[in-house]
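Protein chains in written order, with the working numbering: chain A, 1 to 131; chain B, 1 to 367.
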């Protein structure tokens, strides 16, 4: 659902070794942290290692495995979440390809295969701002 | 058929405008003002988890602000759509006892916000609905479980709920009838969206034919049959070298376009407390090409339905090239025309709508 909205244009920042980007929920209603199943983040085709990924929403920062049990913090549909990871990228005028993949559980839809999990992907090109 | 013709209340769910809100073109207040100014009401339906930050926890100041706004623009809150998030935990599904506990604050929020109906969902069993009845009685909120594709009025789960409702005999337990269960064709605007995503004409024709076959076969009566159909859509995408479209075909082909016959609604007619006027687009002739809006309105008038219809535009998922506001305007014109053709009318006056909704919800199911 509206995957082209996932990556917020122009939000890539870097300190040289760590990169961050803002992302939007590709769904119509708020979902709790536990619904965020997998997050992929790559710059210029280089994927971040899962253990270095961090997810920030509502002012709190989580490792992905911490999101699995998070039932108190919800991702509201008009809020941006911030994804960060150890990804080397140089700030400046150069354009970078940013890829974000989100796999989200939809908690009210249960199929024969279990709780529905949607897989959405977005790719955008932008400059990296110095943090 | 009853002797008295129904006169449904016109209205809209803000879900129809998801793309505009998600894109930050409208916030809750400006959208509610727009709905009122454009005459899409008087009925107003909202999804709690979409529109209210922190839902179902709402502070009194926010509740007061919301009620004042709705009163000022003279809309009539009909249904608050709440969610049965049975899969909210990663390790297991909630038990029905936990789900009842999960639904309770959402029903209380509906009452606080001034909605007389809470739309609930199919994961709730007959036992869970019975367990929620005291909450409905305490708050005065009618619980209207949504019958939505891939289920339909003659699905075994829905019939089990209906039988329990009949046994309990409370006017506070009923159904929301979603028109997406009774669709007659794969939406042309979605075919156009797949075309824009590079799907071949051959694949588009194959998808249409597969859906037409499911329509000929009739709706699935159980979850096993539904699973087979879902798989067939995924298989088709793979056969045509577009596996990336498979889940989308499956979700839309089975979950948005339900192939049940319109008269199937008669199975649960006395328990229809609310209606989702689900639709996907308006064509160049001003008609809905895949949802039989005119037949559905005729049926509701014939059964004496006097509750609300929330126009629910779902084509926004894929249609980024047309205004949802124009499309809602077009669909509501079809509803009004169809009601007139059926010898009745849609209620569009707020005061009349308020009184009609109160009467509709208070009457016993077997009145």
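The C-beta atom is built at its ideal place from N, Cα and C for all residues, glycine as well.
Bridge partner(s) assigned by DSSP for residue 86 of chain A: The sequence position of residue 86 of chain A within the first chain is 86, counting from 1. In the DSSP output, where bridge partners are listed per residue, residue 86 of chain A has A/18.
Closest Cα partner of residue 28 of chain A within the set B/25, B/84, B/16, B/35: Taking the first chain and counting its residues from 1, the one referred to as residue 28 of chain A is at position 28. When only C-alpha atoms are compared, the closest one is B/16.
Enclosing alpha helix (DSSP H) for residue 30 of chain B [first to last residue]: The sequence position of residue 30 of chain B within the second chain is 30, counting from 1. Segment 28-37, the alpha helix (DSSP H) holding residue 30 of chain B.
Where residue 78 of chain A sits in the DSSP three-state scheme: By 1-based counting over the first chain, the position of residue 78 of chain A is 78. Of the three classes helix, strand and coil, the one that applies to residue 78 of chain A here is coil, per DSSP.
Test: residue 19 of chain A CB closer than 7 Å to a CB of chain B: Translated into positions along the first chain, residue 19 of chain A becomes position 19. Judged by the 7 Å Cβ criterion, residue 19 of chain A is not in contact with chain B.
Per-residue DSSP class, three states only, for residue 178 of chain B: Locating residue 178 of chain B in the second chain gives position 178, counting from the first residue. Reduced to three states, the DSSP call for residue 178 of chain B is strand.
Chain-order list of residues whose beta-carbon lies under 8 Å from that of residue 7 of chain B (same chain, five-residue window excluded): Taking the second chain and counting its residues from 1, the one referred to as residue 7 of chain B is at position 7. Cβ neighbours of residue 7 of chain B beyond the five flanking positions: 301, 306, 339, 344, 345, 346, 347, 356.
Neighbour flag for residue 77 of chain A against chain B, beta carbons, 7 Å: Counting from 1 along the first chain, the entry for residue 77 of chain A is found at position 77. Answer yes: the Cβ-Cβ gap between residue 77 of chain A and chain B drops below 7 Å somewhere.
Chain A residues whose Cβ lies nearer than 7 Å to that of residue 85 of chain B: Position 85 of the second chain holds residue 85 of chain B. Those within 7 Å of residue 85 of chain B in chain A are 107, 108.
Chain A contact for residue 227 of chain B (CB, 7 Å cutoff): For the purposes of this step, residue 227 of chain B is taken as residue 227 along the second chain, with counting starting at 1. Yes, contact with chain A.
Sufficient close CB pairs (3 or more, under 8 Å) joining the region 254-265 of chain B to the region 210-218 of chain B: yes
Cβ of residue 112 of chain A within 7 Å of any chain B Cβ: For the purposes of this step, residue 112 of chain A is taken as residue 112 along the first chain, with counting starting at 1. Chain B contact via Cβ: present.
Test: residue 95 of chain B CB closer than 7 Å to a CB of chain A: Taking the first residue of the second chain as position 1, residue 95 of chain B is located at position 95. So, not an interface residue.
The region 59-75 of chain B contacting the region 317-335 of chain B, beta-carbon criterion three pairs below 8 Å: no
Any alpha helix (DSSP H) of 4 or more consecutive residues that is wholly inside the region 267-299 of chain B: none
Residue from B/200, B/127, B/182 with nearest C-alpha to residue 292 of chain B: Position 292 of the second chain, counted from the first residue, corresponds to residue 292 of chain B. Answer by Cα proximity: B/182.
Against chain A: residues of the region 295-323 of chain B by CB proximity under 8 Å: 317
Where residue 53 of chain B meets chain A, residues with beta-carbon distance less than 9 Å: Residue 53 of chain B sits at position 53 when you count from the first residue of the second chain. Per Cβ cutoff of 9 Å: 30, 74, 76, 78, 79.
Segment limits, alpha helix (DSSP H) that includes residue 91 of chain B: Within the second chain, numbered from 1, the residue matching residue 91 of chain B stands at position 91. Counting along the chain, residue 91 of chain B falls outside any alpha helix (DSSP H), and DSSP gives it neither H nor E.
Interface partners of residue 151 of chain B on chain A, CB under 9 Å: Taking the second chain and counting its residues from 1, one reaches residue 151 of chain B at position 151. Correct list: empty, because the minimum Cβ distance to chain A is about 12 Å.
Beta-carbon separation (whole angstroms), residue 186 of chain B vs residue 145 of chain B, contact threshold 8 Å: As a working mapping, residue 186 of chain B is identified with position 186 in the second chain. As a working mapping, residue 145 of chain B is identified with position 145 in the second chain. Rounded, the Cβ-Cβ distance is 27 Å, inconsistent with contact.
Residue 202 of chain B burial status per 10 Å Cβ neighbour count (16 or more: buried): Along the second chain, read from residue 1 onward, the residue named residue 202 of chain B stands at position 202. Classification of residue 202 of chain B: exposed, given that the 10 Å Cβ count is below 16.
Near-chain A residues of the region 105-127 of chain B (beta-carbon distance less than 8 Å), N- to C-terminal order: 121, 123
Residue 367 of chain B versus residue 192 of chain B: straight-line alpha-carbon distance, rounded: For the purposes of this step, residue 367 of chain B is taken as residue 367 along the second chain, with counting starting at 1. For the purposes of this step, residue 192 of chain B is taken as residue 192 along the second chain, with counting starting at 1. Its pLDDT being 36, under 50, residue 367 of chain B is placed unreliably in this model, and the value from its coordinates should be taken loosely. Near 46 Å, if we compare the C-alpha coordinates of residue 192 of chain B and residue 367 of chain B.
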